[in-house]
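> Please find one structure pasted underneath; my questions will follow.
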Amino acid sequence: MTEPQPLPFFSRLALAIGTFFALLGDGRLAARVQALRSGADAPAAPPAPVPAPPPPVPAPSPVRETADVDAALQLLGLLQREARFVDFLQEDIAAYSDADVGGAARMLHGGARKVLQDTFDLQPIRSEAEGSRLTLQPGFDAASVRVTGHVVGQPPFSGTLQHKGWRAAAVRLPALTEGHDTRVIAPAEVEL
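The opening position of the sequence shown corresponds to residue 0 in numbering that gives the first Met the number 0, with each subsequent residue numbered one higher.
This is the structure we're talking about:
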């Protein structure tokens, strides 16, 4: 097999941003990346689990008719105003130098961090250090803790904390004025 060609900086940046979110959402992928970074061969895919008897199916939770799109659009507008988030992601950055992209990424990070700190009080879900061993007892909150890997049987489950998780203890979105169109993320600007 031939050695893959190195990726240009901007392709690596796009890959890094996408990988960041993929790693947060997939513990198995994060474990494989960690093994690759430590120089070990990627672990083989675990054998297919032996099917356990299905647990009793709880009653389905009520489903919201629609998501609160105004709040999502409002947050996107704040990220645009403080960090030019939409501009950065909509821009084809392949033609820019590494220094230009680095400067833009620094501005994006600073502005997005300000929005995060001004809008949310975030707290870790687990207090243990990442990488520590822990046991999840029966009745653990499955909405707050995602169990990954070779999951067979019923709790207690013993495993390694891969990510502490985050919980919003408070949300402070500004009040919307009557008639405000949240679909306008950033108004067009016309200089006279």
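By construction, the Cβ of each residue, glycine as well, lies at the ideal position given by its N, Cα and C atoms.
How is the alpha helix (DSSP H) around ARG145 delimited, first residue to last?
First-last for ARG145: undefined, no H or E at that position.
> Helix, strand or coil for ALA185? Go by DSSP, reduced to three states.
coil
> Suppose you measure from the CA of ALA169 to the CA of LEU115; what does that come to, to the nearest Å?
11 Å
> Give me the residue from GLU190, GLU188, VAL189 and ARG182 with the minimum Cα distance to GLN75.
The sequence as given places Leu at residue 75; Gln does not occur at that position. Out of GLU190, GLU188, VAL189 and ARG182, the CA that lies nearest to the CA of LEU75 is found in ARG182.
> Closest to GLY110 by C-alpha separation, out of SER126, VAL85 and GLY178, would be which residue?
VAL85
> Helix, strand or coil: which one does DSSP assign to GLY130?
Three-state result, GLY130: coil.
> Taking the beta strand (DSSP E) that THR176 belongs to, which residues open and close that run?
Here THR176 belongs to no beta strand (DSSP E), and DSSP marks it neither H nor E.
> LEU160 and GLU188: beta carbons closer than 7 Å?
no
> Under a Cβ-count criterion, where at least 16 other Cβ atoms within 10 Å of its own Cβ denotes burial, should ALA94 be classed as buried or exposed?
exposed
> Which one of PHE87, VAL151 and GLY164 has the shortest CA to CA distance from ALA142?
That would be GLY164, whose Cα lies nearest to the Cα of ALA142.
> Among the candidates GLY26, GLN79, ASP117 and ALA15, whose CA atom is the shortest distance from the CA of ARG171?
ASP117
> May I ask which residues mark the beginning and end of the alpha helix (DSSP H) holding ASP120?
Per DSSP, ASP120 belongs to no alpha helix (DSSP H); it is in the beta strand (DSSP E), 119-123.
> With respect to the beta strand (DSSP E) encompassing ALA169, which residues constitute its N-terminal and C-terminal limits?
165-170
> Spatial neighbours of GLY148 within its chain, please: CB distance less than 8 Å, with the 5 preceding and 5 following residues excluded, ordered by chain position.
GLY26, ARG27, ALA30, PRO45 and GLY158
> Label LEU175 either buried or exposed according to how many other C-beta atoms from any shown protein chain fall within 10 Å of its C-beta, with 16 as the threshold for buried.
exposed
> Rounding to the nearest angstrom, what Cα-Cα distance links LEU35 and PRO3 in this structure?
16 Å
> Less than 7 Å separating the beta-carbons of PRO123 and GLN136?
For PRO123 and GLN136, no; Cβs fall outside 7 Å.
> Please classify LEU88 as buried or exposed, where buried requires at least 16 neighbouring CB atoms within 10 angstroms.
exposed
> Alpha carbon to alpha carbon, how far is ARG132 from PRO173? Give it in angstroms, no decimals.
40 Å
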